[in-house]
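Engineer: So that you can map any letter, position 26 of the sequence shown is 628 in the numbering used here, and since no number is skipped, the others follow by simple counting.
Pasting a structure below so you can have a look.
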Amino acid sequence: MKHSKWTRRQFVWGAPSLLALAGCARAAEPAKKALPAEVTIENFSKSGQSLGKVKVATVVKTEDEWRKLLSPEAFTVTRREGTERPYSGEYNDHHGDGLYHCVCCDTPLFDSRTKFESGTGWPSFWKPISNSNVNEILDRSLMMVRTAVNCRRCDAHLGHVFDDGPDPTGLRYCMNSVSLKFAARVAG
Numbered sequence: 603m604k605h606s607k608w609t610r611r612q613f614v615w616g617a618p619s620l621l622a623l624a625g626c627a628r629a630a631e632p633a634k635k636a637l638p639a640e641v642t643i644e645n646f647s648k649s650g651q652s653l654g655k656v657k658v659a660t661v662v663k664t665e666d667e668w669r670k671l672l673s674p675e676a677f678t679v680t681r682r683e684g685t686e687r688p689y690s691g692e693y694n695d696h697h698g699d700g701l702y703h704c705v706c707c708d709t710p711l712f713d714s715r716t717k718f719e720s721g722t723g724w725p726s727f728w729k730p731i732s733n734s735n736v737n738e739i740l741d742r743s744l745m746m747v748r749t750a751v752n753c754r755r756c757d758a759h760l761g762h763v764f765d766d767g768p769d770p771t772g773l774r775y776c777m778n779s780v781s782l783k784f785a786a787r788v789a790g
């Protein structure tokens, strides 16, 4: 494997990306935002069929409650807007047929039928299972402008969406494995 030295310019401009890839969380805790008492999400059966939209209570917990429920890495990613290292997550190379749910509140987020190999090191999807189940938020961290993707019900940080994905949407929802849990599709 051939290695090359970075120039000072490459290092200065590449450092923010390296920090993101290394799994570094933001230096400061994100500002707490007030969540509505209820949100409307779309429910899905275990086979992936829509059961329609429903109003549900938002899931709000203290930092200590989240820490008890989540692994340290899942806490850092979902509650502190961190990023797991590329190629480290269990769902990057996962090919099961089913639904990916929020690790924090179990809201259905993605269907495996929209998953694709992006070569980025993170599980990628070309659309969420329902736009009602995710929020997209402008993210100006790490000297970049991106669109963060959060769970609508509990505000868990999931990853980011980019406009370099495949047809039919042209989008790439680049998610952190630790923010998801997989449930195999059940016929029905």
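A virtual CB, placed ideally from N, CA and C, is assigned to each residue, including glycine.
Looking at the strands, I want to know which residues DSSP matches up with residue 639.
Structural biologist: Per DSSP, none; premise fails for residue 639.
Engineer: Exposed or buried, residue 685, counting other C-beta atoms within 10 Å across all chains shown (16 or more means buried)?
Structural biologist: Flag for residue 685 reads buried.
Engineer: In the DSSP assignment, find the alpha helix (DSSP H) that holds residue 670 and state where it starts and stops.
Structural biologist: Here the alpha helix (DSSP H) through residue 670 covers 665-671.
Engineer: In the DSSP output, what is residue 644 paired with across the bridge?
Structural biologist: Answer is 655.
Engineer: Do residue 755 and residue 641 have their CB atoms nearer than 9 Å?
Structural biologist: Yes, the pair counts as a contact, with Cβ atoms nearer than the cut-off.
Engineer: Taking the beta carbon of residue 692 as the centre, do at least 16 other beta carbons fall within 10 Å, making it buried, or is it exposed?
Structural biologist: The residue in question, residue 692, is exposed, as its Cβ has fewer than 16 Cβ neighbours within 10 Å.
Engineer: Out of 776, 650 and 706, which has the shortest C-alpha to C-alpha gap to residue 675?
Structural biologist: Residue 706 is the option with its Cα nearest to residue 675.
Engineer: Are there 16 or more other CB atoms within 10 angstroms of the CB of residue 788, so buried, or fewer, so exposed?
Structural biologist: With fewer than 16 other Cβ atoms within 10 Å, it is exposed.
Engineer: Using 8 Å for Cβ pairs, my map puts residue 728 next to residue 771. What's the rounded Cβ distance?
Structural biologist: Indeed, because the Cβ distance is near 5 Å, the residues count as touching under 8 Å.
Engineer: Which runs of the beta strand (DSSP E) at least 3 residues long sit entirely within the stretch 748-790? Give them in chain order.
Structural biologist: Counting whole runs of 3 or more residues, the stretch 748-790 contains the beta strand (DSSP E) stretches 748-753, 759-764, 774-777 and 782-786.
Engineer: Does the distance from the C-beta atom of residue 781 to that of residue 704 stay below 9 Å?
Structural biologist: Contact flag set, yes.
Engineer: Per DSSP, what kind of secondary structure is residue 662 in: helix, strand or coil?
Structural biologist: Looking at residue 662 - three-state DSSP - the assignment turns out to be coil, as it is neither helix nor strand.
Engineer: Return the bridge partner residues of residue 739 from the DSSP annotation.
Structural biologist: BP columns for residue 739 point to 750.
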